[in-house]
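Step one of this worksheet: look at the structure below.
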Amino acid sequence: MKLHFVNTKDNVDKLTAKAYATALGITVPYELPEDVADVCENLLHEAICPLYATEDVVYDFRFYVDNHYPEIPATIELNLVDEDNEVIVCFSASIRVHKGTGSGSGLKSKDSPF
Numbered sequence: 001m002k003l004h005f006v007n008t009k010d011n012v013d014k015l016t017a018k019a020y021a022t023a024l025g026i027t028v029p030y031e032l033p034e035d036v037a038d039v040c041e042n043l044l045h046e047a048i049c050p051l052y053a054t055e056d057v058v059y060d061f062r063f064y065v066d067n068h069y070p071e072i073p074a075t076i077e078l079n080l081v082d083e084d085n086e087v088i089v090c091f092s093a094s095i096r097v098h099k100g101t102g103s104g105s106g107l108k109s110k111d112s113p114f
């Protein structure tokens with residue numbers, strides 16, 4: 001998914017993605033691999049950290065779901081937090097997990113164009 005957002009704080013040196021999944025009424029943290037959670041390393045169009053306030057950027061968010069997860073609807077919340085653990089921006093999407101045909105799995109977003 002390409003997540004397009006406008007940064008809201010000046011001089012952000014580090015930005016980390018923290019994900020939460022809600023299914024069947026239960027919300028739990030969803031651990032992201034370090035290389036995915038590091039937003040600064042996954043910015044597109046030659047954007048780099050530090051980010052300045054009002055900077056328009058795109059985060060290449062690669063969300064993988066293990067094959068053992070059931071095929072159920074869920075809501076994914078993604079918070080991008082700075083080095084002070086302050087939420088800079090958050091996203092939420094309704095998804096449905098689908099078993100992949102190859103070695104990985106996928107997801108399908110119900111309400112998102114990503």
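Quick note: the sequence shown uses UniProt numbering, first residue 1, plus one each step. Idealized CB from N, CA, C, for every residue including glycine.
Check: residue i C-beta below 7 Å from any heavy atom of the ligand FMN
i, result
"valine 6", "Although the ligand FMN was asked about, the structure shown includes no ligands whatsoever."
Beta-carbon proximity of residue i to residue j, cut-off 8 Å
i, j, result
"isoleucine 76", "isoleucine 88", "no"
"alanine 74", "alanine 17", "no"
"proline 50", "valine 12", "yes"
"leucine 3", "tyrosine 52", "no"
"threonine 54", "asparagine 7", "yes"
"alanine 21", "tyrosine 30", "yes"
Boundaries (first-last residue) of the beta strand (DSSP E) holding residue i
i, result
"glutamate 71", "Neither: glutamate 71 is in no beta strand (DSSP E) and is coded neither H nor E."
"alanine 47", "Segment: none, alanine 47 is in no beta strand (DSSP E) and carries neither H nor E."
Cβ-based neighbour list, residue i, same chain, cut-off 8 Å, excluding 5 preceding and 5 following
i, result
"proline 70", "Val97"
Nearest to residue i (by Cα), restricted to the options the options
i, options, result
"glutamate 83", "Val39, His68, Ala93", "Val39"
"aspartate 56", "Phe63, Leu43, Met1", "Leu43"
"valine 28", "Cys90, Val6, Leu78", "Leu78"
Residue i: first and last residue of the uninterrupted alpha helix (DSSP H) it sits in
i, result
"valine 39", "That residue, valine 39, is in no alpha helix (DSSP H); it is neither H nor E in DSSP."
Residues of its chain near residue i, where Cβ-Cβ distance is below 7 Å and the 5 sequence neighbours each way are ignored
i, result
"leucine 32", "Ala17, Ala19"
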